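As they're listed, the protein sequences go chains A and B. By the count of this note's numbering, the first sequence reaches residue 399 at its end, each step adding exactly one. By the count of this note's numbering, the second sequence reaches residue 238 at its end, each step adding exactly one. Have a look at the structure below before the remarks.
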Amino acid sequence: MTAVQPQGRTQSQSPMHRTPALSPPGTFRTALILLGKDLRLELRTLETVPAMVLFCITTFVIFHFALNRATISGQLAAGILTATLLFASMLAINRLFVAEREQGGFDGFLLAPVDRTALLLAKAGALLVFLVVLEVFAVPAFALLLLGPPLGPRLPGLVTVLLLGDLALAIIGTFVSAIAVQTRARDLIGPILGLPLLVPALIGTARGVGSALATHPVQFPAGRWLAITALYDLVFALLAYAVFDFLLED
Amino acid sequence: MSHGPTVRGLILATIVSTTAALALIFFYAPLDANQGFVQKIFYIHVPLAIVSLCGFVAGGLLAIGHLRTGERKWDLRSYVVIHLSLIFGITALLAGSIWAKASWGHWWVWDDPTLVSFLIVLLLFATYQPLRFSIEDPERQARYASVFAIVAAAFVPLNFIAVRLSQGFVHPRVLTLGGGNLPGPMRLTFLIALLAVALLFVTLCLFELQAKRTRIGLRRLRRELLGEDAVRPLGRSAAPS
Chain A
150 MTAVQPQGRT
160 QSQSPMHRTP
170 ALSPPGTFRT
180 ALILLGKDLR
190 LELRTLETVP
200 AMVLFCITTF
210 VIFHFALNRA
220 TISGQLAAGI
230 LTATLLFASM
240 LAINRLFVAE
250 REQGGFDGFL
260 LAPVDRTALL
270 LAKAGALLVF
280 LVVLEVFAVP
290 AFALLLLGPP
300 LGPRLPGLVT
310 VLLLGDLALA
320 IIGTFVSAIA
330 VQTRARDLIG
340 PILGLPLLVP
350 ALIGTARGVG
360 SALATHPVQF
370 PAGRWLAITA
380 LYDLVFALLA
390 YAVFDFLLED
Chain B
-2 MSHGPTVRGL
8 ILATIVSTTA
18 ALALIFFYAP
28 LDANQGFVQK
38 IFYIHVPLAI
48 VSLCGFVAGG
58 LLAIGHLRTG
68 ERKWDLRSYV
78 VIHLSLIFGI
88 TALLAGSIWA
98 KASWGHWWVW
108 DDPTLVSFLI
118 VLLLFATYQP
128 LRFSIEDPER
138 QARYASVFAI
148 VAAAFVPLNF
158 IAVRLSQGFV
168 HPRVLTLGGG
178 NLPGPMRLTF
188 LIALLAVALL
198 FVTLCLFELQ
208 AKRTRIGLRR
218 LRRELLGEDA
228 VRPLGRSAAP
238 S
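Take a look at the structure:
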């Protein structure tokens, strides 16, 4: 007994035990920590976003030659812009959970006493940030290379629609990526699963961007397209929230 | 193979209703004034499409059962229902294409929202099998397939709303939930045909379930009697086993 007590005392004086009792962070804080991790990882490696930007610019050049047009406007421009962004987002969606899967991040996360929804929030947040950064480069490049009418006055409408579309891409992309990363044919399953699910969001986004990019007059996209995309965002966010826990059980 | 009285009754009802539906289609329903005989494909095409959409949604509901209870039988049911819905759906698409060619002159038209929505739903559910196939661990395969089935089932109505909204309300609806503007004999034929196709779907589901259960039981017995190595993997099948 006497031999045990001093041992116990030295243990309780170890730095681990002198700090106040650690309580697990809340869902939102956990999500912020994970988001910070993902963004730091991307900043250090610069793998995904530069590849997406390059992909977009190359695709615009390809469209220039494929269509044999110097400038485009209206629905045609909207279609090319949204489809290119959609396909570029597939690059990020395919890679979103790869580090977690290959380097044991899933196990670490599951062992931590935190809410699992945090991972959904963090990954969707990371994807949203990637997409916004991508568009900061890709939209001016598009205006420079292909778009006929000037971008300036059309910017507010375009930004609103694209943000709502990005939200849909981020939510559905995270959900699809969480499924696809556990499959053998990961890079194949992601896009074939994601593209049909994204069609309704694409309808809203492409039509909204179409009215924003019309030659004249400059008009804000109709509320209908914004409403379709926003509603779709909302419903899919709830749906992904409801089923995401099942994708992490092991 | 022996069946209970319920299943036998169901099979009988399927045979009777299918025969009645075919008889009504060919001998009772009047010829369409504009389209003539070709219009009769409507009595096959529309019930097939309705039943397959209901099947997709039912597959999602059964998948909820799997996630809630964790029992594999729900996954098997969900798999069978979605599998048959896919077959019915592809048949409906082919029949619709023939009808479109005959009455509109094109194999495919983009300005009918129902048609476009149906294609998107079919494309989504067509990924169900590849998804199952590329996950090896059976437990995880069942869980992921269930999650996918639930989301895809919720996607069915969402997609129909979105596509409908994207095209405005300019197209007349031939068939609404209330029966639309079909004349009496046509509506009767249509309803009997719908009943026949639905019964056929349920019967086929029961048969496939029975076959899958038998195969699972047989494989378990072989494993017990001859050892693990005697039972080969299923090859090109992603069915629950």
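Even for Gly, the Cβ is constructed at its ideal location relative to N, Cα and C. These figures come from a predicted structure and were not determined experimentally.
{"query": "Local conformation of B/Asp29 per DSSP, three classes", "result": "strand"}
{"query": "Neighbouring residues, chain B, relative to A/Val384 (Cβ below 8 Å)", "result": "Ala151, Leu155"}
{"query": "Beta-carbon separation (whole angstroms), B/Phe187 vs B/Tyr40, contact threshold 8 Å", "result": "6 Å"}
{"query": "Residue environment, A/Gln368, which counts as buried when at least 16 other CB atoms sit within 10 Å", "result": "exposed"}
{"query": "Entirely enclosed beta strand (DSSP E) segments - the stretch 248 to 330 of chain A, minimum 3 residues", "result": "none"}
{"query": "Any chain B beta carbon closer than 8 Å to A/Arg218", "result": "no"}
{"query": "Cβ of A/Ile338 within 8 Å of any chain B Cβ", "result": "yes"}
{"query": "Contact list for A/Tyr381 against chain B, beta-carbon separation under 8 Å", "result": "Leu155, Ala159"}
{"query": "Reference B/Phe145; option with closest CA among B/Gly224, B/Phe122, B/Gly62, B/Phe130", "result": "B/Phe122"}
{"query": "Positions along the stretch 351 to 373 of chain A whose CB lies within less than 9 Å of some CB in chain B", "result": "Ile352, Gly353, Arg356, Arg373"}
{"query": "Chain B within 8 Å of A/Ile341, Cβ atoms only", "result": "yes"}
{"query": "Status (buried if at least 16 other CB within 10 Å, exposed otherwise) for B/Phe24", "result": "exposed"}
{"query": "Secondary structure of B/Ile189, DSSP reduced to three states", "result": "helix"}
{"query": "Under 7 Å by beta carbon: chain B residues contacting A/Val392", "result": "Val144, Ile147, Val148"}
{"query": "Whole-angstrom distance between A/Ile211 and A/Pro366, CA atom to CA atom", "result": "29 Å"}
{"query": "Beta carbon proximity, B/Leu218 to chain A, threshold 8 Å", "result": "no"}
{"query": "A/Arg193 to B/Glu136 span [Cα, whole Å]", "result": "37 Å"}
{"query": "Limits of the alpha helix (DSSP H) - the one that A/Glu191 falls within", "result": "176 to 194"}
{"query": "Member of A/Gly359, A/Val358, A/Ser360, A/Gly322 whose CA lies at the smallest distance from the CA of A/Pro345", "result": "A/Gly322"}
{"query": "Beta-carbon proximity list for B/Ser14, same chain, < 7 Å, skipping 5 on both sides", "result": "Ile189, Leu192, Ala193, Leu196"}
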